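Student:
Protein chains: 2
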Amino acid sequence: MKNKQFSQEEQSVIEQVIQLRRDIRGNHFTDQSVSEKVIEQILSAAVSAPSVGYSQPWEFVVIRDRQIKSNIADIFAIENEKAKHQFDQKESIYGQLKLEGICEAPVNIAVFYKPDTLPVLGQTSMSSMGEYSVVCAVQNMWLMARALNVGVGWVSILDPERVKAELAVPKANQLVAYLCVGYVDEFGTKPELEILKWADRKEQHSLVHYDRYSGLG
Amino acid sequence: MKNKQFSQEEQSVIEQVIQLRRDIRGNHFTDQSVSEKVIEQILSAAVSAPSVGYSQPWEFVVIRDRQIKSNIADIFAIENEKAKHQFDQKESIYGQLKLEGICEAPVNIAVFYKPDTLPVLGQTSMSSMGEYSVVCAVQNMWLMARALNVGVGWVSILDPERVKAELAVPKANQLVAYLCVGYVDEFGTKPELEILKWADRKEQHSLVHYDRYSGLG
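The listed protein sequences derive, respectively, from chains F and P.
Residues 1 to 217, numbered by my numbering, are exactly what the first sequence covers, in order.
Residues 218 to 434, numbered by my numbering, are exactly what the second sequence covers, in order.
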C-alpha cells in the first residue's frame, strides 16, 4: 500500500476535488445536519497533514452551540465594520458582500496552533513553520470536506483574542482558522469574488519563474 | 459540474492520497526526470488553492539548475549546523537524520508570498492570512504530486534571506516553502520521524474539544 501508484482516473479525482472546492458563505449553507462521522472524517484528514518535525501542533474546537456561534458572529460584525472603511471606493460593494456563514453553518470548527515549549526540528530557522503545518491541516480538511460534498468557509475577519476568550482557549494557543462547515445548495462555478469581479484570476504562467526571478517583480 | 457529488469510491481516493502522502528526503529520491507537464499539473493545483480576498498572492521559482541547487544546499548546511545544537541529548540522533533532498531531487520549487500594496479583503484582522493562502497552495501541490506518484519534501532549515538572494527574489516577497520534487523509491508506511521514534503520533481524540476548551490545556 505504501507504494501505491495512483492511476490516471484516480489523479483526475484529486484534480476535480481541488478545482471544485469553494469558499462557502452563509448564502449557500443549508440546514441539513452534518453527522459526527463526517466531522470525524474531516478531522482525520487534518491530523494526517504534514507537520514540521512531526510536531502535529494542531488543536480543534468543534462548535454546534447556537449561542457560541452567535457570539462569534458578533465578533465578526465588529471587525467587519472596521474593515469596510479600508476599501475606499469599493466600500459600498464590500458592504454588500456576505463574508461568513457562522450561524447558517450547522458546524463551526476553530483550528489552533499550539506552540511547543521545546525547540522543534525544522522550525529553528523559520519560526512560522508551526503555524504553516496547521494551515496544511486546514487545507486537508477543506478538500476532504469537498469530497464528502460538504462545504467549508474560512472566516478571517475576526479578532483572534476575542475568539479565544469565547472558546476558553489556553493563552499560548494561536487561532489559525475559523471554519464554517455544512451542506450547500451549490458550490459555484468559480470563486465568488471572481464572479463578482472583485478580483481577476491571475494567469498561471505569469506567476512562475525558472531557476531565478526574471522580468517580473 | 459545479455541483458534482463525489461518490464513496471517489472519497476513498482523496482519503488515500491524504494518508499516503509523505515528506521525502534525499535518501528516497530517484534520478528519474520529472516532465514539464507534471510540474505544470502541480502548479495548476497550487493556483487553484483558496486565497484570502481572492488575492492569489503566490509566486513560484522552478529550479533545475545544479549550481543553484548546490548553493541552496550550502545554505541548508549552515542552518542545520546551527540547529543541531538546540537538541541537547537528541543532538547525536539529529546529526544522523537526512533532512533534505535539494540536490538529489531533479526539481526544486521555491514558493513565495507576494504581499499586496493595498488592503486585502479578509486580511484586515488577521495579517498572516496572505501567507496562509500560500501554504494552502503548497498543500494542494503536495497532494497533487502524490496522486501523480511524485514525492515532495519541504525544507525549512533555510535562511529565507539567503535563499531570496540566491534566486534574485524581489525584496517584498517572503519565502514560504522550499520544496524538493521527484520520483521516489518508496513513500514509506509512516512519517519517517514516527518510524525513527523522534516523536509519537498524537491521538485524534486528544486534540478535539467540543463547543469550548475543557480538560486539556
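Every residue gets a Cβ at the ideal spot worked out from N, C-alpha and C, and that includes glycine.
None of the values given here were measured: they were computed from a predicted structure.
Could you tell me the boundaries of the beta strand (DSSP E) in which F/Asn108 lies?
Tutor: 107-113
Student: Step through the CB atoms of chain F and report whether any lies within less than 8 Å of the CB of P/Gly434.
Tutor: Residue placement at P/Gly434 is flagged as unreliable, the pLDDT there being 38, under the threshold of 50; the coordinate-derived value follows with that caveat. Taking Cβ atoms only, chain F reaches closer than 8 Å to P/Gly434, which makes this a yes.
Student: Would F/Glu161 pass as an interface residue toward chain P - the criterion being a Cβ-Cβ separation below 8 Å?
Tutor: Not closer than 8 Å to any Cβ of chain P, the Cβ of F/Glu161 fails to qualify, so no.
Student: In three-state DSSP terms, what is F/Arg66?
Tutor: helix
Student: Using the rule of at least 16 other Cβ atoms within 10 Å of the residue's Cβ for burial, across every protein chain shown, is F/Pro160 buried or exposed?
Tutor: buried
Student: Could you check the C-alpha separation between F/Asp88 and F/Leu99 for me, to the nearest Å?
Tutor: 18 Å
Student: Given this structure, state the Cα-to-Cα distance separating F/Ala165 from F/Asn140, to the nearest angstrom.
Tutor: 27 Å
Student: Given this structure, state the Cα-to-Cα distance separating P/Ser252 from F/Asp74, to the nearest angstrom.
Tutor: For P/Ser252 and F/Asp74, the distance between alpha carbons rounds to 50 Å.
Student: Of all the CB atoms in chain P, is at least one closer than 8 Å to the CB of F/Pro115?
Tutor: no
Student: Consult DSSP for F/Trp198 and reduce its assignment to one of helix, strand or coil.
Tutor: coil
Student: When you compare the CB positions of F/Val61 and F/Ala105, do they come within less than 8 Å of one another, or not?
Tutor: Contact annotation: F/Val61 and F/Ala105 have beta-carbon atoms that are not nearer than 8 Å.
Student: Return the first residue and the last residue of the beta strand (DSSP E) that F/Leu179 is part of.
Tutor: 174-182
Student: Would you tell me roughly how many angstroms separate the C-alpha atoms of P/His422 and F/Ser44, rounded to the nearest one?
Tutor: 10 Å
Student: Applying a beta-carbon distance threshold of less than 7 Å, which residues of chain F neighbour P/Ile280?
Tutor: Asp211
Student: Assuming F/Val120 contacts F/Gly53 (C-beta within less than 8 Å), just tell me the rounded distance between them.
Tutor: 4 Å
Student: Along the beta strand (DSSP E) that carries P/Tyr427, what are the first and last residues, could you check?
Tutor: Unbroken beta strand (DSSP E) run through P/Tyr427: 425-427.
Student: DSSP on F/Asp74, reduced to helix/strand/coil?
Tutor: helix
Student: Find the residues of chain F that neighbour P/Glu253, judging by a C-beta separation of less than 9 Å, and give them in chain order.
Tutor: Result: empty, since nearest Cβ-Cβ is about 10 Å, beyond 9 Å.
Student: Since P/Thr445 meets chain F, which of its residues come closer than 8 Å, beta carbon to beta carbon?
Tutor: Nothing about residue 445 of chain P can be reported from this structure: the residues present for chain P run from 218 to 434 only.
Student: According to DSSP, is P/Asp333 helix, strand or coil?
Tutor: It is coil, neither helix nor strand.
Student: Shorter than 8 Å from the beta carbon of P/Val324 to some beta carbon of chain F?
Tutor: no
Student: Alpha carbon to alpha carbon, how far is F/Leu118 from F/Glu131?
Tutor: 15 Å
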